[in-house]
Structures are given as C-alpha cells and as structure tokens.
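Chains as they are written, first to last, in my numbering: chain A, -4 to 336; chain B, 5 to 262.
Think of the CB as a built atom: it goes at the ideal place given N, C-alpha and C, for glycine as much as any other residue.
See below for the structure under consideration.
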Amino acid sequence: MNAFRYFRIFAGRPTLVLSLTILFLGGLTLLEGPVPIDVYTLLSILGHLIGLPTHHYTRETYAIVTELRLLSIVSVLISGAALGLSGAVMQSLLRNPLADPSLLGISSSAGLGVVIAALCFGITQVWIPTIAALTGSLIGVILLYALSRHWTSGGSLKLILAGIALNALLNALSLFLISIADTHILQSVFFWSLGGTSGIHWTTTGLAAILTLIGSILLYRQASALNVLCLGECDAQSTGVDVRVLRILCVIGVAVSISASVILTGPVAFVGLMVPHVLRAWVGPNPQKLIPVSGLGGAALLLFAYWLSRQFQTVSDIPLGVVTALLGAPFFLGLLWKKQA
Amino acid sequence: MEKTGMIAARRLTVQKQGKTLLSEINLTLTPGELTVIVGPNGAGKSTLLQALSGQLSIQGGSVTLCDRDIVNYTRAQRAQHIAHLSQHIELCFDLTVSEVVMLGRYAHTLPYTAQAAAVDRALRAVDLLPHAQQSYSSLSGGERQRVQLARILAQIDHESPNRWLFLDEHGVHLDIAHQHHIFQLLRQLTTVGIVAVLHDFNLALRYADRVILLTKGKILADGAPQAVLTPSNIQIAFGMPVQLIQSPEGSTWIIPET
C-alpha cells in the first residue's frame, strides 16, 4: 500500500525522478573506475570545491575527480540535455514523433564540420571546433528542413529515410577524411567521432554550456507556438503563430544546441528520439512541459549510457555512441513496428 | 444590423506565380450574417477566405476590417478577430479536448483562469463540455469537427462585436446528420460573422443568409440564396444542368437534371 503511494508521488514528479537519477548515477560514476574512490574522500573533494575546509584526499584523487570524472559527467549531462530538448523541438517542428536531430544527420553534419576543421587547423584551439560544429549543424538543419518542405504531404517516413541517408553520407565523409588524415589526428578524432568525452577541457565544456543555455532558452521561448503547430501550419498561422519566424528560430536553436552536444561527446544518436518519446507519454505533448523535462531526461539517459560504457574492463571506454545505439536502435525498430500496426 | 466590424474588399486581386487567382473582387461582409461561398474547384474560394483574413499577400486592391486595412493589424489582433478553420485537421500528437480548444487562445494573453473560462464557454456552445478531459483521438469524426469549431470560437472569444469565423469546407466529409448539426450550431451564433465555403447547394439554401457564387476568380452572383442559386447561374458556373424542386413543406431543393 505504502509502496503504491510512493509510486504515485514519484509518477507525478518526472522532474524529481530524473534529478534523483542524475544525482545517483553521477555519484556512482564519481566513485567507480580504475582508481576507486571512497565516499568520504569524494565528499571531502566536493566539499573543497564548494569552499569547505576539507583535506581528506590526495592530489591524485583530487585530479581524477575534478579533471577527469566530474568534467566527463558535466559534459555528458550538458550534451544529453541539448540532445533531449532538441529532439522534443524537432518532433514538434516536423510534426513527426520519429524525428531525432542525430538520426536525421544534424549531429553528423556538425561532426563533419569538426573533422574538417581538425584537418585544416589542427585541434589545438577550443573555439575552432566550436565554430566548425556550429556551422556544420546549421547547414545540416537547413538541409533537413529543405528536405521536409519538399515532402509536405504525409511524407513522415520519407523524411526519416532521407535523414538517415543524409546521416550515413555525412558519417561516411567524416570517416573518409579521418582515414586519410595522419595518425595523430586520426586517433583523437576517430574516437571522438564515435561519441566519447576524451580529450576535452573545462574551457570546452564551459563554452558548450553557454551554447546549450542560449539554445535552450531560444527553444523554450518557442514552446507555446510549437504547441499550436500541432494543428498544422495553416491553422497555426491563422491562430496567430508566425510559422516562418517560428521555423527559423527553432532551426537556429536546434543547431546551436546540437553543436554544443557534438563538441562535447561527438555525434550521439537516439537520445533525441527516445527521451521525448518516453516523456511525452508521461507529461503529455505540450512543449512547454516536454522541452524542459526532455532536457533533464536526455541528461539522465546519456549519463546512464556513460555509466554503462564504463562498466566494461577494457583499455579504453566503450564509445558513448555505441551504447546509445545499442539502446536506441531496438527502441526505434519497436516504434516503427508499432506505427505500422 | 450592426455596422461595426465589417470586412470589405475593394478590387481585391491575388496572383500566384503569374496566375490570377482572384481578380477585382468587391464585397462587404456584415457580422451576424452567415455567408456561403460556392463555386467550382479552382474558382478561388479558399484563396478568397485567406485573402479576407489577411493571411495572403494581395497584388491589388485592399481588404479592410472596420475601415482599417487588414495589413495594419498585428498578427495577434487578426487572429482575435478572424478565426479560420481548414477542411481537415490532423493533430500530430494526441491532446485532450480542452487542450485542443486552448490552442485557440494562443493570440490572447490573459490569466489562466480567464483562458480556461473561454475554453469552457466554447465547449458549452458545441455541447462538448462533458468531454473536456477526454482524449481527442477517442472522439468520433463529428465530435472532432465540433471540437475544432469550439477551438475557433475560443479564438474569437472577447467583448468586441468584431468577430468572424471562416470555415473552409468544414465537415464536408461528415454524414448528413452531422453536417446539419454543425450548421444548426452556426445559426445560433447570431453575433458572429460566418463565412463558409461549401459544395452542398441545399445546405446553402437552408442555412445561408447570403450566397456568393465564385467562378474563375470572379464573383458571378452575390445575394440571397434563392436569387443566386438559380439553374441558369449554376449552369454557367459549373456547366451542369440542374432543376429546382419544391418539397411539400415549401422548401426548395436543387437536384441535377437527368
């Protein structure tokens, strides 16, 4: 009886459930790893970070927590949030519950931008991949939107197929460029291109956080207009929505958010598909609720994928993109199966 | 008859990709009237509705609402005065009935309770208040059309007499009982100006105050239903011979000549 009551309390509070999940997984990821850290040491380090006079740690453990694990966790959370809320926006904008910015090639477009920039200018400066990712994702979104305008009538599956082809093409181009590059760049960029947090610094993460913040504010401001778009473009227009402006702002917001995600964790697919889909059943389709909750959900899911990727005792971590694809692809197939039925 | 809130078109001309869709249309619409626009496919009926509600850029002439050019209204003001309903609405995600109607309140910035009250009024007007919390997808076709009607009613729910409903072949795929039900509902809205594009002459004869017959982007006839929907006008517009018959109760019906 009590268990049921608790279940109902939690079922009504997706924000609370997702936040607790993030805290739990984050704590777990900080403690686990090749160098195990005990809870007391961790609390002591975190205490020091917020200015408490705690000293129960060594220099090495402090560096591992702050420069490696905490950095990775924060990056993964930001990237996941950007993916989740962009997914929610894309699904409303394209009026298609199967839309996912990564599956449709926006992430890989940003990724290709980063690869090209890495080949041309090297990977020394932080702002070069950022600008490259931003440019790439903008081109990707515009391309995708042009495709979706081309098939205005009932072409929802057609659009998905076109997006998947675009995605495959851009990924192949990235891999091609990486393959012909010299080994130094090859190693670092290749792993990143599969989705991974290796080789980032707090500056990158900070920059991405700012981009995500700008993107999410821009997208959240479109929430009520996106809600009306559910009626279709014609009736949304006569209800008072400026559909053209809405489209442009959403496209920019998604591009900015996705570029932030890509510079942190590389192109990671399926998060933007799964999260809004599952949460829509929980909080309803209204973007005013769905966008923020999807951001939180995306962060939680990507952190879960990250935690999972570290559970295998391999030389390097399993790429994040591999984990999300292992989780997401069966989910996607299930959706298609259900849609057909 | 109220003189405020009139919509007037003067020499209205619309062209798209070099093709003239509407040429030199002159008409004045008065609130409280139910005007039906009929005409063959491609005559420009939908274009006329869109041009009159200011959603289309026009190439000549003017459209005024209350003696003020329609383009001088903000997007939100236009939405509050003229609600336009397409023939077929497909929601991409499932909402509840009241959520659908609430979408119509987008152009209004009122506190939530006032918005919810407007939604309730609109649902009561179409007899769907008890279904407010039901899912839209669980409704029948006829009920969905009434929800959409409630949505555009909510859109123009305010004090001013300046309120218009534009219906573009609304509910044409409904059965005869539902079609009549929709028009009986519309007839009760005595303070609202209604402009409906229709294909059914008999519905027009029965419910319209005024019929506008449109062919090839021009007005062929405009006036009382009986005066406009004559066999000769219909023959000119549609190229099809029809005849009028009188029912024993005295109502007129238009049927194809055999």
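Three-state secondary structure (DSSP) of residue i
i	result
residue 30 of chain B	strand
residue 5 of chain B	Caution applies to residue 5 of chain B, whose pLDDT of 38 falls short of 50 and renders its modelled position unreliable; the value that the coordinates give is listed next. In the structure shown, residue 5 of chain B sits in coil (DSSP, three-state: anything other than H, G, I, E or B).
residue 88 of chain B	strand
residue 66 of chain B	strand
residue 38 of chain B	strand
residue 218 of chain B	strand
residue 54 of chain A	helix
residue 319 of chain A	helix
residue 41 of chain A	helix
residue 282 of chain B	In the structure displayed, chain B extends from 5 to 262; residue 282 of chain B sits before or after that span and is not available.
residue 157 of chain A	helix
residue 100 of chain B	strand
residue 256 of chain A	helix
residue 139 of chain B	strand
residue 179 of chain B	coil
residue 272 of chain B	Chain B is shown from 5 up to 262; residue 272 of chain B falls before or after that span and cannot be answered.
residue 325 of chain A	helix
residue 237 of chain B	helix
residue 334 of chain A	helix
residue 145 of chain A	helix
residue 242 of chain B	helix
residue 215 of chain A	helix
residue 338 of chain A	There is no way to answer for residue 338 of chain A, as the model of chain A reaches only from -4 to 336.
The beta strand (DSSP E) enclosing residue i, as first and last residue numbers
i	result
residue 222 of chain B	222 to 227
residue 171 of chain B	168 to 172
Residue nearest to residue i in terms of C-alpha spacing, selected from the options
i	options	result
residue 19 of chain B	B/11, B/12, B/29 and B/160	B/29
residue 236 of chain A	A/95, A/227, A/225 and A/220	A/220
residue 261 of chain B	B/245, B/254 and B/116	B/245
residue 329 of chain A	A/11, A/50, A/47 and A/93	A/93
residue 195 of chain B	B/23, B/22, B/12 and B/35	B/35
residue 290 of chain A	A/272, A/307 and A/305	A/272
residue 158 of chain A	A/177, A/176, A/178 and A/137	A/137
residue 100 of chain A	A/113, A/112 and A/82	A/82
residue 139 of chain A	A/125, A/155, A/128 and A/127	A/155
residue 230 of chain A	B/186, B/54 and B/22	B/54
residue 127 of chain B	B/148, B/113, B/221 and B/250	B/148
residue 221 of chain B	B/201, B/21, B/52 and B/113	B/52
residue 193 of chain B	B/202, B/60 and B/161	B/161
Span of the alpha helix (DSSP H), counted from its first residue to its last, around residue i
i	result
residue 199 of chain B	Per DSSP, residue 199 of chain B belongs to no alpha helix (DSSP H); it is in the beta strand (DSSP E), 197 to 201.
residue 9 of chain A	9 to 26
residue 285 of chain A	282 to 304
residue 157 of chain B	145 to 159
residue 86 of chain A	66 to 88
residue 253 of chain B	Unbroken run through residue 253 of chain B: none, as it is neither H nor E.
residue 307 of chain A	Per DSSP, residue 307 of chain A belongs to no alpha helix (DSSP H) and is neither H nor E.
residue 116 of chain B	116 to 129
residue 112 of chain A	101 to 116
residue 270 of chain A	266 to 278
residue 54 of chain B	49 to 56
Residues bridged to residue i (per DSSP)
i	result
residue 73 of chain B	B/68
residue 248 of chain B	B/258
residue 24 of chain B	B/19
Amino acids of chain C, ordered along the chain, whose beta-carbon sits closer than 7 Å to that of residue i
i	result
residue 234 of chain A	As a matter of chain content, chain C is missing from the structure shown, whose protein chains are A and B.
Decide yes or no for the touch test of the region 113 to 129 of chain A against the region 75 to 87 of chain A: beta carbon pairs closer than 8 Å, at least 3 of them. no
(Q) Contact between the region 271 to 289 of chain A and the region 83 to 97 of chain A is defined here as three or more beta-carbon pairs at a separation below 8 Å; is this criterion met? (A) Touching, yes.
Pair every Cβ in the region 256 to 265 of chain A with every Cβ in the region 22 to 40 of chain A, then say whether three or more of these pairs are closer than 8 Å. no
Item checked: Touch test, the region 285 to 298 of chain A against the region 16 to 25 of chain A, Cβ-Cβ under 8 Å, three pairs minimum -> yes
Worksheet item: Between the region 79 to 95 of chain B and the region 223 to 236 of chain A, are three or more C-beta pairs nearer than 8 Å?
Response: yes
Exercise. Please determine if the region 241 to 255 of chain A and the region 204 to 217 of chain A are in contact, where contact requires at least 3 C-beta pairs separated by less than 8 Å.
Key: yes
- Message: I'd like to know if the region 167 to 177 of chain B and the region 130 to 144 of chain B are in contact, where contact means that at least 3 CB-CB pairs between them fall below 8 Å.
- Response: A contact between stretches requires three or more CB pairs, one per stretch, nearer than 8 Å, and the region 167 to 177 of chain B fails this requirement with the region 130 to 144 of chain B.
Segment contact flag, the region 202 to 210 of chain B with the region 42 to 50 of chain B, C-beta cutoff 8 Å, min 3 pairs
yes
ask   = How do the region 64 to 74 of chain B and the region 230 to 246 of chain A stand: do at least 3 beta-carbon pairs fall below 8 Å, yes or no?
value = no
Subject >> Contact the region 156 to 171 of chain B vs the region 78 to 93 of chain B: 3+ CB pairs below 8 Å >> reply: A contact is defined here as three or more CB-CB pairs under 8 Å, and the region 156 to 171 of chain B meets this definition with respect to the region 78 to 93 of chain B.
Check whether the region 102 to 110 of chain A touches the region 61 to 71 of chain A, counting contact only when three or more Cβ pairs, one atom from each stretch, lie closer than 8 Å. no
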